[in-house]
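Asks: Submitted below is the structure of interest, expressed as structure tokens.
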Amino acid sequence: MSREQKIAYTAIISEKSKFGVFHKTCFHVHTPESHDYCLLDSWDCKTYEGKSDHDILEPCHSHNVFPVTITLDFFDNSLTQGFRNKKEMLAFLLLANTILENEIAIVIVADHHTINGIPKLRQAIEYLYKMKPRTIYPEVLLGIEISCADRNHVVGVFDDTVKARSAIEAWLNLYLFNEVDGSFETSKEVLEFISNECGIGYIAHLDTSDTFGERFLTGAYKKKLFSGLNLIGISNINKLEYIRSKVRDFSPTEINFIIDNDAHDINSIEEKHMWIKGQKRNSQALREAINDYDTCMSFQENSSNKSYIKGIYIENSDIGYLRGSGQTQPLCMNFSDELNCFIGGRGTGKSTILELIEYTLSQRCKSPETLDFLCAHGNVFILYEYCGTEYLIEMSMPVKGDFDNILQCFGQNIENRYKYYYHYDVDKIREYALRHYLDVFRVIKSNTDVSFERVSDKRIFLRKLFDTRYSVNELVNTAGGASINGFLYDILFENRTLSTPESVINIRSLTGLGRMLSDVKTALEKRSADVEAVIAPFNKAQDGILKIVYTQDNVAHEPNMGEWVWGTGFDRKRHYTAKGIRYNIKHEGIEQYLLSIYSKVGIFEFLDLALRKDVIKIQGYENILNYCDEMTLKLIEQGVSAIEDHNIQSIVNDLFSKLINKSNLHSILSYLKVYVNEVEGFSLEFNINNRESTQQQKANYKDVRNLSLGQKVVAMLSFILGYSDYSKDYRPLIIDQPEDNLDNQYIYKNLVKQLRDAKRKRQVIIATHSATLVTNTKAEQVCVMLSDGAHGWIDIRGFTGESNIKKNIINYLEGGPESFRHKSFVYSDVLIENERLSSECRLSQE
139 MSREQKIAYT
149 AIISEKSKFG
159 VFHKTCFHVH
169 TPESHDYCLL
179 DSWDCKTYEG
189 KSDHDILEPC
199 HSHNVFPVTI
209 TLDFFDNSLT
219 QGFRNKKEML
229 AFLLLANTIL
239 ENEIAIVIVA
249 DHHTINGIPK
259 LRQAIEYLYK
269 MKPRTIYPEV
279 LLGIEISCAD
289 RNHVVGVFDD
299 TVKARSAIEA
309 WLNLYLFNEV
319 DGSFETSKEV
329 LEFISNECGI
339 GYIAHLDTSD
349 TFGERFLTGA
359 YKKKLFSGLN
369 LIGISNINKL
379 EYIRSKVRDF
389 SPTEINFIID
399 NDAHDINSIE
409 EKHMWIKGQK
419 RNSQALREAI
429 NDYDTCMSFQ
439 ENSSNKSYIK
449 GIYIENSDIG
459 YLRGSGQTQP
469 LCMNFSDELN
479 CFIGGRGTGK
489 STILELIEYT
499 LSQRCKSPET
509 LDFLCAHGNV
519 FILYEYCGTE
529 YLIEMSMPVK
539 GDFDNILQCF
549 GQNIENRYKY
559 YYHYDVDKIR
569 EYALRHYLDV
579 FRVIKSNTDV
589 SFERVSDKRI
599 FLRKLFDTRY
609 SVNELVNTAG
619 GASINGFLYD
629 ILFENRTLST
639 PESVINIRSL
649 TGLGRMLSDV
659 KTALEKRSAD
669 VEAVIAPFNK
679 AQDGILKIVY
689 TQDNVAHEPN
699 MGEWVWGTGF
709 DRKRHYTAKG
719 IRYNIKHEGI
729 EQYLLSIYSK
739 VGIFEFLDLA
749 LRKDVIKIQG
759 YENILNYCDE
769 MTLKLIEQGV
779 SAIEDHNIQS
789 IVNDLFSKLI
799 NKSNLHSILS
809 YLKVYVNEVE
819 GFSLEFNINN
829 RESTQQQKAN
839 YKDVRNLSLG
849 QKVVAMLSFI
859 LGYSDYSKDY
869 RPLIIDQPED
879 NLDNQYIYKN
889 LVKQLRDAKR
899 KRQVIIATHS
909 ATLVTNTKAE
919 QVCVMLSDGA
929 HGWIDIRGFT
939 GESNIKKNII
949 NYLEGGPESF
959 RHKSFVYSDV
969 LIENERLSSE
979 CRLSQE
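Residue 146 in my numbering sits at position 8 of the sequence shown, and the numbers go up by one each step.
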């Protein structure tokens, strides 16, 4: 194990995670401050009230709250400070222990009509965490539950500030009848108070309410109540769709739902959780998650078994462009296993990081200039997790030194000859780099140390980790020409074995040629069915976006009929000879005659006719007399005879005997193998009406080769993103500036949705200048890059929802605060009108 490997590995795993992750969350947790708290599910609130200090200490021991058995004397006044008594302190410690043991990251405390339990729970958590550190330190958010006059229960969550606490206490003093009976305000009025204080309000456990009963208030009140609501809590997930359908009767817009824990005892803490995505765990993160509900909130744990790039470490080099934040520091960062976006001004090094990742994992580099630029950096280390095991991939960068050309470090001109002609071959560079500069190590962890075991089959292993970095410019070039066929084929069938028609073209004698022709046609039909079986499910999943079209209608290149008849080097101007007699048709005329028949009937019918020597049918397709020279005195003097009706039979028989015989069987079979590959074709068709528009338009599919530049980009990226899920290719996806040349009207409806879907199942790393992509995909990590012209570095990293990241998005992708404010003002009236029309449309449909 080299020292550099351990330094790189330690640096990567020591990097603080600055990206959004899902946090296990309990909404609406009660503490002993609630008047109806039970502590244990086998007790009721009156039982709990009647218990002594000793009665509470016993379950503390049975739940292993303390590492050793203790007595009540252990708790002196300094430990019980902040609590009413030892009993209350023990109850809070038991609650805190349950939260810690269940690894709950966010706890939203919502006691009945009081906020006094929040500091006590925080104190209990802090005490237990100091006693025994855990993986997760729970964050307790400020909340409260209000029993309302309309018999609904409302939960409010607030920023934990002096102002918010004072506002809550003032409201309770004005509108609370008492802690048991609750408030004389309606839930609508309570929700308005919470909104006015910038809190998050929702109706709690609505599935246990009588709200939808016919005698419960009026329909008008319900419509007013739900019209301004964007969150509802339910206690039973199985009732979600029922409650959703009932709410739709009164709400013009869709309302989101959360699981309301409503735990009045420690046992209930173990169930009914939500998962919320964010970097920090506070009320602002909760607000961001609710706003991006589909992306940032989940009823289920996000159990990720992804293979992904965990981090990169680039050693500092005096001549390298990228470096760490200091002048001599290496560049080191970790990655989210979902979506990572590099942003910043042009020339800051966004694409360089992607190119270094691609070169390290695939050894692919597009040009000698890029290779020279990348190799100027120090050695690159990538930490990769594959099937639960960590691997460290090391790419040693050769030092050019006194060499004039970087290719001298890749096996060319070792003698350093003058005026040497260098040839850049991408595949040879890949092979050389793999053999001489790349190492792959399996990370072996022990209790006290880490070691690295070299992977021997690195070529095969690396294919499992990564495929390629997609450059938008390269994709546009692919979409614009014939190479789209090969591109689609390589992606569609990379990991699939399908029937190949050429496999049946393997006869050794003329006797099997007829049967083989039938077999080939059958094989082509089977091939078509097999391909359709592959692409049909994908087309169904992408309905309304794009579709893959497969045909066997491509025109194959013509066979060289002259070589089949006379072999190579034949004279086209020479007259055809049959049985020693020269006739008034030249070899070039024979070629044209045969190709005319071929073009009319196809290769299989043509060969079948030739085998059977069906002259009548052949002549019905094309008369050989049309290709004969007019007889002249000169031809007669040269001994040339005329082809006439009476001798056509024998001449055509002679011709087809020469055409198909043992000597040219190999040429015929070679052509057939090429033919069956050339006739099949793949094309990608994109629905150009799948875009933001003021009108509803039906699908209009067009071949990607005939699209505008911007449409080509979105079509190709949509295919790459969409097909990965269907093909189960979940290797990291790296895209360089996907919005380049992209029509803005297609970004949201196509790329945003595709990226949101893709990142759930595979890691995505992109460099972009599009605020729409970064914000609407809710990138888990945004990396802001800066440059001084000579070097580029990462200035700040974080989740899209973080304030400092938003500021950088506005600065670098929106033109700055003034520009963004002006843009918001310009569009504001249109957005308000759209919201009004959407609400009216929804109501009219109901």
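All C-beta atoms in this analysis are idealised placements derived from N, C-alpha and C, irrespective of residue type, glycine included.
Are the beta-carbon atoms of K154 and W413 separated by less than 8 Å?
Replies: No; because the gap between Cβ atoms is not below 8 Å, this pair is not in contact.
Asks: Tell me the rounded alpha-carbon separation between V318 and C176.
Replies: In a straight line, the C-alpha of V318 is about 15 Å away from that of C176.
Asks: Is the separation between the beta-carbon of D398 and that of H166 shorter than 8 Å?
Replies: Yes. Within cutoff.
Asks: Nearest to L314 by alpha carbon, out of R386, V614, N828 and I282?
Replies: The option with the nearest alpha carbon to L314 is I282.
Asks: Can you tell me whether L969 is buried or exposed, with buried defined as 16 or more other CB within 10 angstroms of its CB?
Replies: Counting Cβ neighbours within 10 Å, L969 comes out exposed, since fewer than 16 surround it.
Asks: Looking only at its chain, what residues have a beta carbon closer than 6 Å to the beta carbon of E984, apart from the 5 residues adjacent to it on each side?
Replies: With a pLDDT of only 49 at E984, under 50, the local geometry of the prediction cannot be trusted, and the value read off the model is given with reservation. Cβ neighbours of E984 beyond the five flanking positions: none.
Asks: For M412, name the three-state secondary structure that DSSP assigns.
Replies: Looking at M412 - three-state DSSP - the assignment turns out to be strand.
Asks: How long is the line joining the alpha carbons of R607 and M535, rounded to whole angstroms?
Replies: Looking at the two C-alpha atoms, the distance is approximately 20 Å.
Asks: Would you check if the region 248-266 and the region 431-442 touch, i.e. whether three or more CB-CB distances between them fall below 8 Å?
Replies: Flag = no, the region 431-442 and the region 248-266 do not touch.
Asks: Is it right to say N202 is buried, meaning 16 or more other beta carbons lie within 10 angstroms of its own, or is it exposed?
Replies: Looking at its Cβ environment, which holds fewer than 16 other Cβ atoms inside 10 Å, N202 is exposed.
Asks: Indicate whether the contact test is met: 3 or more Cβ pairs, each with one atom in the region 497-515 and one in the region 955-968, closer than 8 Å.
Replies: Touching, no.
Asks: Give the DSSP-derived three-state secondary structure of H343 in the structure shown.
Replies: Residue state, collapsed to three classes: coil.
Asks: Based on the DSSP secondary-structure assignment, which residues constitute the bridge partners of F824?
Replies: Looking at the DSSP assignment, F824 forms a beta bridge with L684 and K840.
Asks: Unbroken beta strand (DSSP E) runs of length 3 or more, entirely within the region 712-760: which are they?
Replies: Here the runs fully enclosed are 713-716 and 719-724.
Asks: With DSSP run on the structure shown, which of helix, strand or coil describes V564?
Replies: V564 falls in the helix class under three-state DSSP.
Asks: Anyone know if the C-beta pair for L280 and V295 falls short of 8 Å?
Replies: Closer than 8 Å, so yes.
Asks: Is the distance from the Cβ of L603 to the Cβ of Y522 below 8 Å?
Replies: Closer than 8 Å, so yes.
Asks: Would you call the CB atoms of N888 and I683 closer than 8 Å?
Replies: Their beta carbons are under 8 Å apart, which means N888 touches I683 by this criterion.
Asks: Under three-state DSSP, which class holds E532?
Replies: Of the three classes helix, strand and coil, the one that applies to E532 here is strand, per DSSP.
Asks: Would you kindly work out how many angstroms separate the C-alpha atoms of N791 and L855, rounded to a whole number?
Replies: Near 56 Å, if we compare the C-alpha coordinates of L855 and N791.
Asks: Helix, strand or coil for M854 per DSSP?
Replies: Three-state DSSP puts M854 in a helix.
Asks: Classify A423: buried if its beta carbon has 16 or more other beta carbons within 10 angstroms, exposed otherwise.
Replies: Buried, by the Cβ-count rule.
Asks: Residue range of the alpha helix (DSSP H) that M769 falls in?
Replies: No alpha helix (DSSP H) contains M769, which DSSP labels as neither H nor E.
Asks: In whole angstroms, what separates the C-alpha of G727 from that of I741?
Replies: The straight-line gap from Cα to Cα measures roughly 19 Å.
Asks: Alpha carbon to alpha carbon, what distance is there between V292 and S500?
Replies: Straight-line Cα distance between these residues: approximately 55 Å.
Asks: Spatial neighbours of A308 within its chain, please: C-beta separation below 8 Å, excluding the five flanking residues on both sides.
Replies: So no residue of the chain qualifies.
Asks: Am I right that Y985 and F857 are in contact with their C-beta atoms under 8 Å? What's the rounded C-beta distance?
Replies: Nothing can be reported for residue 985: it is not among the residues displayed for the chain, which extend from 139 to 984.
Asks: Using the three-state DSSP reduction, which class does S1016 fall into: helix, strand or coil?
Replies: The chain is shown from 139 up to 984; residue 1016 falls before or after that span and cannot be answered.
Asks: In three-state terms, what does DSSP make of A617?
Replies: Helix at A617.
Asks: Indicate the three-state DSSP secondary structure (helix, strand or coil) for I370 in the structure shown.
Replies: Strand, per DSSP.
Asks: Based on DSSP bridge pairs, tell me the residues matched to K162.
Replies: The partner list for K162 (beta bridge, DSSP) reads W413.
Asks: Rounded to the nearest angstrom, what separates F388 and L871 at their Cα positions?
Replies: So the two alpha carbons sit approximately 43 Å from each other.
Asks: On the three-pair Cβ rule with 8 Å, is the region 843-851 touching the region 778-787?
Replies: Not touching, per the Cβ criterion.
Asks: Using a Cβ distance threshold of 8 Å, determine whether the region 555-574 contacts the region 465-484, with at least three qualifying pairs required.
Replies: They do not touch, by the three-pair rule.
Asks: So, with DSSP's three-state summary, where would you put R580?
Replies: Residue state, collapsed to three classes: strand.
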